[in-house]
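Here's the structure, in structure tokens; my notes come after.
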Amino acid sequence: MAKAAAKQETAASRAKSAATPAVARAVEPAGKSGGVRAGYVKPAVPRPERLKPVVSPRPGPVELPNGYKPSADEEYMNPMQLEYFRRRLLAWKEDLVEESKQTIENLKEEVRDVGDEAERASRESENSLELRTRDRYRKLISKIDSTLKRIEDGSYGYCVDTGEEIGLERLEARLTAERTIDAQERWEHRQKQMGD
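Number 119 in UniProt numbering belongs to position 119 of the sequence shown; there are no gaps in the numbering.
Here it is as structure tokens:
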């Protein structure tokens, strides 16, 4: 009987502490505890809730018919469309990775075959161009990876600024598009103003 009363009292005190707003607690005075000054009160910070995806992620593997192309007649960003764009992005990424590997091999070979100064200057110019191309590929691969994450979380095909449909034509032309054309123009205009 005493145990039951103690459990009720403990549960009641937990419920009471959960019902009261989060209050910051004073920390230990400075010393052996880690160097925090006496009387410092740590502010209570609410935890942000996790955002839910716009559309539920695809349930599992989707088989695409040969020659499948997304159509405006279908439901926008249905599992087949998502799989279609996912495959295109993965193929593009694979091509970029392969070209990047080839660039590295070319640079290694050219270092070994050093000739006269004019040839060396020409090769350094070519190497600089190759390195810039490789950096561009690295950035594209990163953009593709973030786009693949958007497919997984269900937000692909929807504008990050407005939530509107980006549109199949725009996505076909630019697989990594994050904004509608209007939102992209506004974003670029803001970027230009900030840069000037």
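By construction, the Cβ of each residue, glycine as well, lies at the ideal position given by its N, Cα and C atoms.
Given the structure is predicted, the values throughout are model-derived calculations rather than measurements.
Asked: Beta-carbon proximity check, GLU83 vs LEU64, cutoff 7 Å; Found: yes
Asked: Cα-Cα separation between LYS149 and THR162, rounded to whole angstroms; Found: 19 Å
Asked: Runs of alpha helix (DSSP H) wholly within the UniProt zinc finger region "dksA C4-type" (159 to 183) (minimum 4 residues, chain order); Found: 168 to 173
Asked: Residue-chain proximity (THR103, chain C), Cβ-Cβ < 7 Å; Found: Absent here is chain C; the protein component of the structure consists of one chain.
Asked: Local conformation of VAL97 per DSSP, three classes; Found: helix
Asked: Residue nearest to GLU165 in terms of C-alpha spacing, selected from LEU175, LEU96, ARG179 and GLU99; Found: ARG179
Asked: PRO79 - DSSP class collapsed to helix/strand/coil; Found: helix
Asked: First through last residue of the alpha helix (DSSP H) which encompasses LEU129; Found: 117 to 153
Asked: Residue nearest to PHE85 in terms of C-alpha spacing, selected from LEU131, ALA173 and LEU140; Found: ALA173
Asked: Of the listed residues ARG190, GLN184, TYR156 and ALA177, nearest to MET77 (C-alpha basis); Found: TYR156
Asked: For ASN106, the three-state DSSP class (helix, strand or coil); Found: helix
Asked: Classification of TYR68 by the beta-carbon crowding that lies within 10 angstroms, buried from 16 upward; Found: exposed
Asked: Three-state class that DSSP yields for ALA91 in the structure shown; Found: helix
Asked: Buried or exposed (CB count within 10 angstroms, at least 16 for buried), ILE104; Found: exposed
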